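One structure is given here, and the rest of the page talks about it.
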Amino acid sequence: MKIKRFFAADMKQAIRMVREDIGPDAVILSNKKVRGGIEIIASLEYEEVLEQKEEAFVEREATMAASSKHDIDDSTALAMTIEERAAMYAAREEAAVVPTAAVEPKLEVEVPVLQARTERKSAPVEIEWSPDPALSGMQEEIQRLRGMVENQLTGLAWGEMGRSQPQRTELIRRLTGMGLQIDLVRELVDHVASISDVDQAWRQLLLLLAKTLPVSSDDDFLDHGGVVALVGSTGVGKTTTIAKLAARYALRHGSKNVAMVTTDSYRIGAHEQLRTYGQILSVPVHVASDADSLKKVLKSLSSKKLVLIDTAGMSQRDIRLSEQFATLQGGSALVQIYLVLSATAQKAVVRETVKAYQGVDLDGCIVTKIDESASLGGVMSAAIQSNMPLAYVTDGQRVPEDIHPARAHTLVKRAVEFQRAHDDMIDDEELALAYGGKLVHAHAR
16 MKIKRFFAAD MKQAIRMVRE DIGPDAVILS NKKVRGGIEI IASLEYEEVL EQKEEAFVER
76 EATMAASSKH DIDDSTALAM TIEERAAMYA AREEAAVVPT AAVEPKLEVE VPVLQARTER
136 KSAPVEIEWS PDPALSGMQE EIQRLRGMVE NQLTGLAWGE MGRSQPQRTE LIRRLTGMGL
196 QIDLVRELVD HVASISDVDQ AWRQLLLLLA KTLPVSSDDD FLDHGGVVAL VGSTGVGKTT
256 TIAKLAARYA LRHGSKNVAM VTTDSYRIGA HEQLRTYGQI LSVPVHVASD ADSLKKVLKS
316 LSSKKLVLID TAGMSQRDIR LSEQFATLQG GSALVQIYLV LSATAQKAVV RETVKAYQGV
376 DLDGCIVTKI DESASLGGVM SAAIQSNMPL AYVTDGQRVP EDIHPARAHT LVKRAVEFQR
436 AHDDMIDDEE LALAYGGKLV HAHAR
């Protein structure tokens, strides 16, 4: 008896291999799933196999009649010729494309084995693939080598630009030292590419930056009054800023014309902190826990020229942000909303915060803790890229002295002072990776 073992990705391909190698009269003795596909054992001696299996079939026939109709006679099934098995799979595929409603069960199959097979649901063959450890290691090594090559190319690109365009390199270094975003730095430097003198180009850059930085058109929005809400992350100084704004307005127009409202029902002691400021300033403080109560409170304060709303501090990833938005927008359509950003926050955090509050129609931004920061580039970049006007800046804890209307030239001047004070902290390798990488990718495109 000629017996051979075949391996293939699926049953159809395996049957094709058996037919080509042994012939159409081949007999499949066994088949099983193995890693990578299907294993089939086949033989050429069809009659001999039937004789060997006949006794086993007769012995099991009685047991099959008492058991489920869907049981399969393995011995007979395994003894099917390759032509029969191929015909069976072809029939399955043909039946798969015919709509169920069009199929009429008119044929009665007399062969028990084929009847059992038609009753049984054909399940798709599931092949389990496992990653080759050698291949995985090779991929990791390729990625590591690629990273090394890219780092070397970026360093070379940055070094080449330093030799061929020393003025551009120096301007990029200074703007980066101010903490500005990479893409914004490149746009600004492109505007002064025609100026050969680095100092003259630097002065033009600062003027362009001040012109680009959006600030509130009003000298002081407090003069107009209205309903103003401050939103932002925890710890950015919203409550203290509310107190500064209230004190500033009370000094000009009297404490009877201003009121404060808090919607912070999450933080322990939040109400008490604002009430303390209210007692010092002789300004009433009210509490609103939801949109309905806020609407009622604002209606009761309609005689006040200025109402300042202190909201709960929330992370930019907090799922309750949408509730806060709904509360403010449901309280009154006339609420002016200002986002409070800390100058001490990382650039990535500032960007993420601004993005999180895009669902609110912001009227502007207030930058706090400038006195504690080493850079203003993060908040300046966010304001420019989102076109969000800066209204106020705070630079201390004193109430109300340490709050000022935002002035573009003043902010740029202060940013340059920070840059000069921390010029020795600029990482040239980080610059090379950031800007050299941009150059490499630009040439690659």
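Taking this note's numbering as reference, the numbering of the sequence shown is continuous, increasing by one, and the terminal residue is 460.
Quick reminder that beta carbons are idealized off the backbone N, C-alpha and C, glycines included.
Quick caveat: nothing in here was measured; it's all calculated off a predicted structure.
Near Pro404, what residues of its chain come up, given a Cβ to Cβ distance below 6 Å and the 5 sequence neighbours on each side ignored? On the sequence shown, position 389 is the one that residue 404 refers to. Answer for Pro404: Pro229, Val230, Ser231, Gly379, listed in chain order.
**Item:** Reduced DSSP category for Arg20 - H, G, I as helix; E, B as strand; rest coil
**Value:** Residue numbering aside, residue 20 sits at position 5 when the sequence shown is read from its first letter. In the structure shown, Arg20 sits in a strand (DSSP, three-state: E or B).
| In whole angstroms, what separates the C-alpha of Thr409 from that of His424? | Position 394 of the sequence shown, counting from 1, holds the residue named residue 409. Position 409 of the sequence shown, counting from 1, holds the residue named residue 424. Between the alpha carbons of Thr409 and His424 lies a gap of roughly 16 Å.
Do the stretch 237 to 244 and the stretch 349 to 357 touch if we need at least three Cβ pairs shorter than 8 Å? yes
task = From the DSSP output, in three-state form, read off Asn46 for me.
result = As a working note, residue 46 is residue 31 in the sequence shown. Residue state, collapsed to three classes: strand.
| request: Please list, in chain order, all residues of the same chain as Ala1 whose beta carbon is under 7 Å from its beta carbon, the five residues on each side excluded. | output: Given that the chain is displayed from residue 16 to residue 460, the structure contains no residue 1 and the question cannot be resolved.
Worksheet entry | Helix, strand or coil at Pro420 [DSSP, three-state] | Position 405 of the sequence shown, counted from the start, is the residue given in the question as residue 420. Of the three classes helix, strand and coil, the one that applies to Pro420 here is strand, per DSSP.
Helix, strand or coil for Thr278, going by three-state DSSP, please let me know. Numbered from 1 along the sequence shown, position 263 holds the residue referred to as residue 278. Coil at Thr278, not helix or strand.
CA nearest to the CA of Ala363, picked from Ala262, Ser315, Lys319, Ile197
Stepping through the sequence shown from its first residue, residue 363 is reached at position 348. Cα-wise, what sits closest to Ala363 is Ile197.
> What number of angstroms, rounded off, separates the C-alpha of Pro299 from the C-alpha of Glu387?
Replying inline: Along the sequence shown, one-based indexing puts residue 299 at 284. Along the sequence shown, one-based indexing puts residue 387 at 372. Roughly 31 Å between the two C-alpha positions.
Considering just the uninterrupted stretch of the beta strand (DSSP E) at His206, what are its terminal residues? The residue you call residue 206 lines up with position 191 of the sequence shown. Neither: His206 is in no beta strand (DSSP E) and is coded neither H nor E.
Q | For Asn272, the nearest candidate out of His239, Met32, Gly250 (CA to CA) | A | Walking along the sequence shown from the start, residue 272 turns up at place 257. Distances from the alpha-carbon of Asn272 to those of His239, Met32, Gly250 put His239 closest.
Q: Give a yes or no on whether the C-beta atoms belonging to Val322 and Leu313 are separated by under 8 Å.
A: Counting from one through the sequence shown, the residue named residue 322 turns up at place 307. Counting from one through the sequence shown, the residue named residue 313 turns up at place 298. Yes, they are a contact pair.
Next on the checklist: Less than 7 Å between C-beta atoms, sequence neighbours within five positions excluded: which residues of the same chain meet that for Gln219?
Outcome noted: As a working mapping, residue 219 is identified with position 204 in the sequence shown. Once the five neighbours on either side are set aside, the close Cβ partners of Gln219 are Val207, Ile210.
TODO: Label Ile295 either buried or exposed according to how many other C-beta atoms from any shown protein chain fall within 10 Å of its C-beta, with 16 as the threshold for buried.
DONE: Sequence index remark: in the sequence shown, residue 295 carries index 280 (1-based). Exposed, since its Cβ has fewer than 16 Cβ neighbours within 10 Å.
Which residues in the same chain have their Cβ closer than 7 Å to the Cβ of Leu195, if we skip the five residues on either side of it in sequence? Position 180 of the sequence shown, counting from 1, holds the residue named residue 195. Excluding sequence neighbours, Leu195 sits near Gly392, Met395, Ser396.
- Paired residues, beta bridge with Leu354 - DSSP: To locate residue 354, count along the sequence shown from 1; it is residue 339. Answer is Val246, Cys380, bridged to Leu354.
Next on the checklist: Going by beta-carbon coordinates alone, are Asp325 and Thr254 separated by less than 8 Å?
Outcome noted: Position 310 of the sequence shown holds residue 325. Position 239 of the sequence shown holds residue 254. Result yes, Cβ atoms of Asp325 and Thr254 sit closer than 8 Å.
Beta-bridge partners of Asp386, as assigned by DSSP: Indexing the sequence shown from 1 puts residue 386 at position 371. Paired residues: none, contrary to the question.
* **Opposing strand residues paired with Ala57 [DSSP bridges]** => As a position in the sequence shown, residue 57 is number 42, starting the count at 1. According to DSSP, which records beta bridges pairwise, Ala57 is partnered with Lys19, Ile43.
Item to complete: Just mark Glu155 as buried or exposed, buried being the case when its beta carbon has 16 or more other beta carbons within 10 Å.
Response: As a first step, residue 155 must be located in the sequence shown, where it is residue number 140. That one is exposed.
Quick check on the burial criterion: 16 or more other C-beta atoms within 10 angstroms. Buried or exposed for Thr249? Here residue 249 refers to the residue found at position 234 of the sequence shown. The residue in question, Thr249, is exposed, as its Cβ has fewer than 16 Cβ neighbours within 10 Å.
What is the C-beta distance between Thr383 and Ser401, in whole angstroms, given that I count them as a contact (C-beta under 8 Å)? The count along the sequence shown starts at 1 and reaches residue 383 at position 368. The count along the sequence shown starts at 1 and reaches residue 401 at position 386. Wrong, their Cβ atoms sit about 18 Å apart, outside the cutoff.
How is Gly241 classed by DSSP in three states: helix, strand or coil? Walking along the sequence shown from the start, residue 241 turns up at place 226. Gly241 falls in the strand class under three-state DSSP.
Verify whether the separation of the beta carbon atoms of Leu427 and Leu224 is less than 8 Å. Working through the sequence shown from its first residue, we reach residue 427 at position 412. Working through the sequence shown from its first residue, we reach residue 224 at position 209. First, the residue type needs correcting, since residue 427 is Val and not Leu in the sequence shown. Their beta carbons are under 8 Å apart, which means Val427 touches Leu224 by this criterion.
Quiz prompt | Which listed residue (Ile37, Met26, Ala41) has its alpha carbon closest to that of Gly51 | solution = What you label residue 51 is simply residue 36 of the sequence shown in a count that begins at 1. Minimum Cα distance to Gly51 is reached at Met26.
Among Leu289, Ala371, Thr278, whose alpha-carbon lies nearest the alpha-carbon of Lys310? The residue you call residue 310 lines up with position 295 of the sequence shown. Answer by Cα proximity: Thr278.
For this session: Please determine, among Ile30, Ile257, Glu367, the residue with the shortest C-alpha to C-alpha distance to Gln412.
Result: For this step, residue 412 is matched to residue 397 along the sequence shown. Ranking the options by Cα distance to Gln412, first place goes to Ile257.
Beta bridge counterpart(s) of Val213 as assigned by DSSP:
Numbered from its first residue, the sequence shown carries residue 213 at position 198. Bridge partners of Val213: none, in fact.
Val204 versus Arg183 - alpha carbon distance: The residue given as residue 204 occupies position 189 in the sequence shown. The residue given as residue 183 occupies position 168 in the sequence shown. Cα to Cα, Val204 sits roughly 7 Å from Arg183.
Which class does Asp305 belong to by DSSP, given the choice of helix, strand or coil? Indexing the sequence shown from 1 puts residue 305 at position 290. Residue state, collapsed to three classes: coil.
Candidates Ile37, His419, Ala216, Phe21, of which the one nearest Lys48 by Cα: Within the sequence shown, numbered from 1, the residue matching residue 48 stands at position 33. Checked all of Ile37, His419, Ala216, Phe21; the closest Cα to Lys48 is Phe21.
- Member of Gly38, Tyr264, Asp214, Arg435 whose CA lies at the smallest distance from the CA of Lys319: Locating residue 319 in the sequence shown gives position 304, counting from the first residue. The option with the nearest alpha carbon to Lys319 is Tyr264.
Identity of the residue in Tyr292, His286, Gly293 nearest Ser304 by Cα: Taking the first residue of the sequence shown as 1, we reach residue 304 at position 289. The candidate whose alpha carbon is nearest that of Ser304 is His286.
### Query
Would a C-beta distance cut-off of 8 Å place Ala406 and Ala421 closer than the cut-off?
For the purposes of this step, residue 406 is taken as residue 391 along the sequence shown, with counting starting at 1. For the purposes of this step, residue 421 is taken as residue 406 along the sequence shown, with counting starting at 1. Going by C-beta atoms, Ala406 is nearer than 8 Å to Ala421.
Check your understanding: Excluding five sequence neighbours on each side, which residues of the same chain lie with their C-beta closer than 6 Å to the C-beta of Met193?
Key -> For this step, residue 193 is matched to residue 178 along the sequence shown. Gly392, Ala430, Gln434.
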